[in-house]
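Numbering (the working numbering), first residue to last: 234 to 409. Virtual Cβ for every residue (Gly too), placed ideally from N, Cα, C. Down below is the structure, laid out as structure tokens.
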């Protein structure tokens with residue numbers, strides 16, 4: 234379909250709560266997801282939320298669970314209660330996150346190790362998954378985008394937030 238521009242931190246849309254998807258299995262929803270996939274792939278991202286490309290809908294894709302869409306409840310494992318999505322990447326062995334909307338930077342973000350999320354895929358089929366480790370981190374990162382939260386807002390110690398080339402000299406890191 235099309236590669237879209239990714240909004241950067243500072244854009245007001247990234248700070249707003251996205252609207253739930255009301256109709257599934259529509260040409261518009263399929264086209265949006267195709268554009269998101271093309272955009273994420275072209276930027277070597279691990280996940281992408283619709284608000285990141287300027288669409289205020291609760292739609293998210295990722296490498297681990299493509300076409301996850303809207304109206305999810307995350308809960309169970311740790312009492313987190315939000316609508317869910319999937320996406321994000323971390324550095325091996327760590328909890329450092331990056332984001333396509335915060336290019337060139339990484340930060341240490343506290344996240345739950347496991348959780349359950351529920352919702353619907355792009356066709357309206359029910360989803361109910363319990364995930365752990367990286368997948369759980371991915372869900373939490375992307376669901377934050379649906380509620381106007383960027384990962385730097387979750388960083389507790391700013392000593393662990395900085396530019397890739399400063400934190401990891403000589404390494405070629407890509408943004409998520």
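Check the Cα spacing between residue 252 and each of 380, 389, 385 and 338: the tightest is with 380. Rounded to the nearest whole angstrom, the C-alpha separation of residue 394 and residue 271 is 29 Å.
Comparing alpha-carbon positions, the option among 386, 354, 359 and 349 lying closest to residue 368 turns out to be 349. By the Cβ neighbour-count rule, residue 280 is buried, with 16 or more other Cβ atoms within 10 Å of its own. Our two residues, residue 278 and residue 339, have alpha carbons roughly 14 Å apart in a direct line. Between residue 266 and the set 291, 385, 245 and 242, the nearest pair of CA atoms involves 291.
By DSSP's assignment, residue 396 forms a beta bridge with 338.
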